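Take a look at the structure set out below.
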Amino acid sequence: MESVTILLLLLLFVNALAFIPHARTPFTFPTSQYKSSAFNAGAQGLQRRAGGQPFALRAMGDDFAADIEKVADLLMGREEAKRIEAERLKAEEEARAIAEAKAAAEAKAAAEAKAAAEKAAAEKAAAEKAAAEAKAAAEAKAAAEAKAAAEAKAAAEAKAAAEAKAAAEAKAAAEAKAAAEAKAAAEAKAAAEKAAAEKAAAEKEAAEAKGAAEAKAAAEAKAAAEAKAAAEAKAAAEAKAAAEAKAAAEAKAAAEAKAAAEAKAAAEAKAAAEAKAAAEAKVAAEAKAKADEAAEAARIAKAEDVSRLAAEKAEELKKAAEKEAKAKAKKPAAKKKTTSKKEGFGKTTSSKTPKAPKAKKASKKAPAPISSYLDDL
């Protein structure tokens with residue numbers, strides 16, 4: 002991306018200089034390696050954009066040429082090539098150091114094995130010498146000494162075999178360690194080469210507009226891609242074998258897990274169905290109980306409303322009857338009052354008292370309209 006940015010800035014700068022009115026010197030780079038068809042096409046395009054005017058720059062001296070040379074060096078990727086070469090040399094140095102370490106480890110293992118063999122041979126010779134001296138010194142005890150010598154010999158041979166086995170195991174461990182280190186170094190080198198190849202490929206894609214200067218980078222990218230393809234093919238084969246083994250194990254585990262899950266799901270479904278049935282029965286019972294309670298409450302509320310309305314109606318009828326009785330009682334009282342002028346005031350008061358029972362009779366007749374009201378309800 003930096004190379005592309007620099008190239009675009011350079012082209013914009015050249016395009017701006019094309020519009021200078023006093024420019025007379027034709028534009029040329031200091032070297033002929035940039036006179037490619039791609040660059041010429043770009044220059045012609047800039048001329049067309051400038052309205053067909055001659056594409057020229059003012060002579061700017063050696064400093065401008067040096068700056069252009071630096072920009073060209075950056076665009077050609079010389080610094081990147083130097084860095085890749087340094088990484089390659091570093092990888093070769095690391096491989097050489099690993100090979101030397103492996104050779105030293107093998108030499109050390111061989112020396113240890115040889116020392117162990119010599120030690121076993123010396124111990125065996127000493128045991129045989131001791132047995133011979135014991136046999137010469139005590140012929141009377143030949144049977145016992147022979148037995149002891151045989152046991153000593155067997156012990157020495159067992160010890161020698163154990164030491165030889167330990168030496169072989171140590172050698173094998175050293176070789177395995179060296180092989181692992183070599184493999185790790187190879188993998189690290191392959192990773193470095195892969196990263197370098199990927200970076201070179203990315204730079205190749207970003208620098209396709211550079212023209213002839215990218216031929217060298219394209220060749221290097223192709224070689225790196227071929228090396229990467231070979232490494233990836235080998236890794237893919239190993240990964241495929243491992244994946245097939247893993248897939249077989251996972252398929253077996255998945256089948257077992259599926260069977261267990263199905264059994265568990267069946268048990269859970271049965272338990273859920275039983276729980277659902279119990280819950281539905283409980284909900285139905287609760288709903289029925291609530292419905293009964295609601296019906297009872299409605300019946301009680303209706304009865305209370307009827308009683309309240311009946312009481313209110315009775316009260317209204319009672320008040321109406323009392324009002325009517327009072328009205329009826331007032332009319333005769335007025336007539337008595339006119340005649341009381343002759344008879345006296347005391348007779349007038351005495352005439353009011355007999356009218357009170359009539360009011361009571363009117364109040365006694367009040368329940369009849371109440372019953373008819375209840376019938377209407």
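Sequential numbering of the sequence shown, starting at 2, is according to our numbering. Glycine included, C-beta positions come from ideal geometry on N, C-alpha and C. Please read all numbers here as calculations on a predicted model, not as lab measurements.
Sequence-distant partners of Ala201 (beyond 5 residues in either direction) whose C-beta falls short of 7 Å from its own C-beta, in its chain, are Ala218, Glu221, Ala222, Ala225.
If you compare the alpha carbons of Ala197, Leu11, Ala128 with that of Lys83, the shortest gap goes to Ala197.
Cα atoms of Ala296 and Lys289: separation of roughly 10 Å, rounded to the nearest angstrom. Of the other Cβ atoms in all chains shown, fewer than 16 fall within 10 Å of the Cβ of Ile7; this residue is therefore exposed.
Here Lys190 is actually not in contact with Ala106; their C-beta atoms are around 20 Å apart, not less than 8 Å. Rounded to the nearest whole angstrom, the CA to CA distance from Lys235 to Ala96 is 20 Å. Put simply, of Ala155, Ala237, Glu204, Ala193 the residue whose alpha carbon is nearest the alpha carbon of Arg89 is Ala193. Ala177: member of the alpha helix (DSSP H) spanning 143–207, first to last residue. For the set Ala256, Ala114, Ala161, the Cα lying nearest the Cα of Ala127 is the one of Ala161.
Distance from the CA of Glu305 to the CA of Ala285, rounded to the nearest whole angstrom, comes to 30 Å. Rounded to the nearest whole angstrom, the CA to CA distance from Ala311 to Lys303 is 12 Å. Around the CB of Ala122, fewer than 16 other CB atoms lie within 10 Å, so the residue is classed as exposed. The Cβ atoms of Glu215 and Lys229 lie no closer than 8 Å to each other. The beta carbon of Glu182 is closer than 8 Å to those of Ile99, Ala102, Lys103 in its chain, skipping five residues each way along the sequence.
Between the alpha carbons of Ala299 and Leu318 lies a distance of about 28 Å. Rounded to the nearest angstrom, the Cβ distance from Ala168 to Ala117 is 4 Å, consistent with a contact under 8 Å. The beta strand (DSSP E) runs of length 3 or more contained entirely in the stretch 299–332 do not exist; there are none.
Put simply, the backbone Cα of Ala246 is about 14 Å away from that of Ala255. Taking the C-beta atoms as reference points, Lys154 is found no nearer than 8 Å to Ala143. Secondary structure of Glu140 (DSSP, three-state): coil.
Across the set Glu176, Glu269, Ala279, Ala87, the C-alpha of Glu176 shows the shortest separation from the C-alpha of Ala111.
Sixteen is the threshold: when 16 or more other Cβ atoms of the shown chains lie within 10 Å of the Cβ of Lys211, as they do, the residue is buried. A distance below 7 Å between beta-carbons, with the five flanking residues on each side excluded, links Ala114 to the following residues of its chain, in chain order: Ala168, Lys172. In this structure, Ala150 and Ala132 form a Cβ contact; the two beta carbons are roughly 4 Å apart against a cut-off of 8 Å. With fewer than 16 other CB atoms across the displayed protein chains lying within 10 angstroms of its CB, Ile301 is exposed. The beta carbon of Ala250 sits closer than 6 Å to no other beta carbon from its chain once the five residues preceding and following it are set aside. Taking C-alpha positions only, Ala232 is separated from Lys271 by approximately 56 Å.
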